[in-house]
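Chemist: Residue numbers (the working numbering): 1 to 319.
Below is a structure I'd like to ask you about.
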Ligand code: R5P
């Protein structure tokens with residue numbers, strides 16, 4: 001992907017959730033950030049001041065709603081409100097990692113659908129469009145009544161897989177039945193076979209591997225998922241694959257949430273490598289972990305921003 005040339009009345013603004021990614025996107029677009037202050041009052045309320053004229057501008061606000069999810073979401077909402085009141089022409093919320101996405105349906109009586117509530121909040125704050133990456137469930141796109149582009153990290157992963165693993169003997173594996181569509185898309189692009197880990201979750205927050213659909217004996221297995229949080233799903237799946245005779249297991253996940261003891265779990269797992277994107281800012285622990293590697297989705301997001309601004313097709317990025 002080449003760097004974008006030419007922008008039309010476009011400005012970028014970033015919250016504090018993922019400055020390295022925001023800076024890489026700005027570099028791709030060859031654009032400086034709009035001068036703004038996004039800080040906290042002593043009681044931790046968020047304060048935003050846009051320090052240059054944005055009247056009539058096509059504004060892109062970059063903010064992942066990752067940990068601390070509530071603070072980062074609030075920053076995003078308040079930045080959008082500031083831009084709306086400053087008469088920006090169009091505001092696109094660029095949310096590389098859309099937090100709360102896993103709460104996308106009622107899991108029991110009297111439980112919320114928080115993903116829908118968050119979509120409502122972003123729209124109500126004044127966003128005209130949303131640009132995000134690998135939504136946990138595709139239908140969350142429909143939770144927004146404003147245009148929402150859901151990008152896929154798959155092309156970035158494919159390039160990395162070809163560079164690091166080649167194409168021999170690969171078998172793409174979905175770590176659970178829910179991830180089959182995603183895994184199939186990757187397998188198709190790689191021309192690889194597909195296997196599925198049939199996992200049952202007995203209690204919330206715990207995962208259990210049941211059995212593997214497909215013959216993985218002697219194969220280089222590539223687990224693919226949208227999110228790695230506690231690491232339980234991916235590490236348990238890796239163990240099951242090795243038990244079934246897989247030659248080696250690598251994993252690719254778009255969003256490295258990596259809560260609690262996830263990094264140590266991955267470090268001590270059967271995974272040869274775990275590759276995540278930079279949709280979420282990496283902690284020092286992540287950066288130091290010997291079997292976690294990061295790939296950048298900045299060019300992908302930068303190109304999508306460029307195309308939205310110049311009213312070009314975004315979907316053709318994935319043809
Ligand atoms: C589940 O539906 C998701 O795709 C991920 O598999 C899950 O969020 C990973 O969570 P953890 O790493 O905590 O097992």
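Note that the Cβ used here is the ideal one computed from N, Cα and C, for glycine as well.
1. Would you report the Cα separation of residue 291 and residue 42, rounded to the nearest angstrom?
2. With 16 other CB atoms within 10 Å as the buried threshold, where does residue 324 fall?
3. State the start and end residues of the unbroken alpha helix (DSSP H) segment that holds residue 151.
4. Measuring straight from C-alpha to C-alpha, what distance separates residue 310 and residue 303?
5. State the Cα-Cα distance for the pair residue 279 and residue 18, rounded to the nearest angstrom.
6. At a cut of 8 Å, does the region 169 to 176 reach the region 140 to 159 through at least three beta carbon pairs?
7. Tell me whether residue 228, by its Cβ, gets closer than 6 Å to a heavy atom of the ligand R5P.
8. What does DSSP give as the partner residues of residue 10 in its beta bridges?
9. Measuring alpha carbon to alpha carbon, tell me which residue in 237, 99, 250, 138 is nearest residue 169.
10. Sorry if obvious, but does the Cβ on residue 233 come closer than 6 Å to a heavy atom of the ligand R5P?
11. Given this structure, state the Cα-to-Cα distance separating residue 38 from residue 285, to the nearest angstrom.
12. Report the residue from 294, 213, 126 whose alpha carbon sits nearest the alpha carbon of residue 147.
13. Measuring CB to CB, does residue 115 end up less than 7 Å from residue 140?
14. Which one or two residues does DSSP pair with residue 250 in a beta bridge?
15. Please report how far the alpha carbon of residue 188 lies from the alpha carbon of residue 166, in whole angstroms.
16. Quick check on DSSP: helix, strand or coil for residue 189?
17. For residue 264, tell me which candidate among 243, 226, 287 has the shortest Cα-Cα distance.
18. Can you tell me where the alpha helix (DSSP H) with residue 119 in it begins and where it stops?
19. Is residue 225 near the ligand R5P, in the sense that its beta carbon is under 6 Å from a heavy atom of that ligand?
20. The beta strand (DSSP E) spanning residue 25 covers which residue range?
21. Quick one: Cα of residue 316 to Cα of residue 300, how far?
22. In the structure shown, what three-state DSSP assignment does residue 89 receive?
23. Determine the direct distance from the alpha carbon of residue 93 to that of residue 234, and round the result to whole angstroms.
24. Check this for me: beta carbons of residue 95 and residue 34, under 7 Å apart or not?
25. Is it right to say residue 11 is buried, meaning 16 or more other beta carbons lie within 10 angstroms of its own, or is it exposed?
26. Can you look up residue 311 in the DSSP assignment and give me helix, strand or coil?
27. Out of 261, 136, 272, which has the shortest C-alpha to C-alpha gap to residue 283?
28. What three-state label does DSSP hand residue 318 in the structure shown?
29. What is the rounded straight-line gap between the Cα of residue 294 and the Cα of residue 257?
30. In whole angstroms, what is the alpha-carbon distance linking residue 88 and residue 122?
31. Assuming residue 263 is part of the beta strand (DSSP E), what are its boundary residues?
32. Pick helix, strand or coil for residue 291, following the three-state DSSP scheme.
33. Use the C-beta contact count for residue 111: other C-beta atoms within 10 angstroms, 16 or more gives buried, fewer gives exposed.
Modeler: Checking against the coordinates, here is how it stands:
1. By one-based count along the chain shown, residue 291 stands at place 291. By one-based count along the chain shown, residue 42 stands at place 42. So the alpha carbons of these two residues sit roughly 39 Å apart.
2. Only positions 1 to 319 of the chain appear in the structure, and residue 324 is not among them; the question remains open.
3. Taking the chain shown and counting its residues from 1, the one referred to as residue 151 is at position 151. Run containing residue 151: none in the alpha helix (DSSP H); it sits in the beta strand (DSSP E), 148 to 151.
4. Residue 310 sits at position 310 when you count from the first residue of the chain shown. Residue 303 sits at position 303 when you count from the first residue of the chain shown. Rounded to whole angstroms, residue 310 to residue 303 spans 11 Å at the Cα level.
5. Working through the chain shown from its first residue, we reach residue 279 at position 279. Working through the chain shown from its first residue, we reach residue 18 at position 18. Distance between the alpha carbons of residue 279 and residue 18: 8 Å.
6. no
7. In the chain shown, the residue the question calls residue 228 occupies position 228. Answer for residue 228: yes, Cβ within range of the ligand R5P.
8. Taking the chain shown and counting its residues from 1, the one referred to as residue 10 is at position 10. DSSP output for residue 10 lists 58 as bridge partner(s).
9. Here residue 169 is taken as the residue at index 169 of the chain shown, counted from 1. The residue with the shortest Cα to Cα distance from residue 169 is 250.
10. Looking up residue 233 in the chain shown gives position 233. Answer for residue 233: yes, Cβ within range of the ligand R5P.
11. The residue given as residue 38 occupies position 38 in the chain shown. The residue given as residue 285 occupies position 285 in the chain shown. Computed Cα separation, rounded: 26 Å.
12. Along the chain shown, read from residue 1 onward, the residue named residue 147 stands at position 147. Checking every option, the nearest Cα to that of residue 147 belongs to 126.
13. What you label residue 115 is simply residue 115 of the chain shown in a count that begins at 1. What you label residue 140 is simply residue 140 of the chain shown in a count that begins at 1. Yes.
14. Your numbering for residue 250 matches position 250 in the chain shown. Note: residue 250 sits in a beta bridge opposite 222, 273.
15. Start at 1 with the first residue of the chain shown, and residue 188 comes out as number 188. Start at 1 with the first residue of the chain shown, and residue 166 comes out as number 166. Each residue's alpha carbon lies about 15 Å from the other.
16. If you number the chain shown from 1, residue 189 lands on position 189. Residue 189 falls in the helix class under three-state DSSP.
17. On the chain shown, residue 264 is found 264 positions in, with the first residue counted as 1. Considering only alpha carbons, the answer is 287.
18. Residue 119 sits at position 119 when you count from the first residue of the chain shown. Its alpha helix (DSSP H) spans residues 114 to 125.
19. The count along the chain shown starts at 1 and reaches residue 225 at position 225. For the ligand R5P, at least one heavy atom lies less than 6 Å from the Cβ of residue 225.
20. As a first step, residue 25 is located in the chain shown; it is residue number 25 there, counting from the start. Taken as a continuous stretch (DSSP letters only), residue 25 belongs to no beta strand (DSSP E), being part of the alpha helix (DSSP H) at 19 to 29.
21. Looking up residue 316 in the chain shown gives position 316. Looking up residue 300 in the chain shown gives position 300. Rounded to whole angstroms, residue 316 to residue 300 spans 12 Å at the Cα level.
22. On the chain shown, position 89 is the one that residue 89 refers to. Residue 89: coil per DSSP, three-state reduction.
23. As a working mapping, residue 234 is identified with position 234 in the chain shown. As a working mapping, residue 93 is identified with position 93 in the chain shown. Rounded to the nearest angstrom, the two C-alpha atoms are 30 Å apart.
24. In the chain shown, residue 95 corresponds to position 95, counting from 1. In the chain shown, residue 34 corresponds to position 34, counting from 1. Result no, Cβ atoms of residue 95 and residue 34 do not sit closer than 7 Å.
25. Here residue 11 is taken as the residue at index 11 of the chain shown, counted from 1. Under this definition residue 11 is a buried residue.
26. Counting from one through the chain shown, the residue named residue 311 turns up at place 311. Of the three classes helix, strand and coil, the one that applies to residue 311 here is coil, per DSSP.
27. Working through the chain shown from its first residue, we reach residue 283 at position 283. When each option's Cα is compared against that of residue 283, the closest is 261.
28. The residue you call residue 318 lines up with position 318 of the chain shown. Residue 318 falls in the helix class under three-state DSSP.
29. Along the chain shown, read from residue 1 onward, the residue named residue 294 stands at position 294. Along the chain shown, read from residue 1 onward, the residue named residue 257 stands at position 257. Cα-Cα distance, rounded: 13 Å.
30. Position 88 of the chain shown holds residue 88. Position 122 of the chain shown holds residue 122. If you take the alpha carbons of residue 88 and residue 122, they lie about 16 Å apart.
31. For the purposes of this step, residue 263 is identified with residue 263 of the chain shown, where counting begins at 1. Note, residue 263: premise wrong, no beta strand (DSSP E); alpha helix (DSSP H) at 262 to 267.
32. Counting from 1 along the chain shown, the entry for residue 291 is found at position 291. In the structure shown, residue 291 sits in coil (DSSP, three-state: anything other than H, G, I, E or B).
33. Along the chain shown, read from residue 1 onward, the residue named residue 111 stands at position 111. Its Cβ having fewer than 16 others within 10 Å, residue 111 is exposed.
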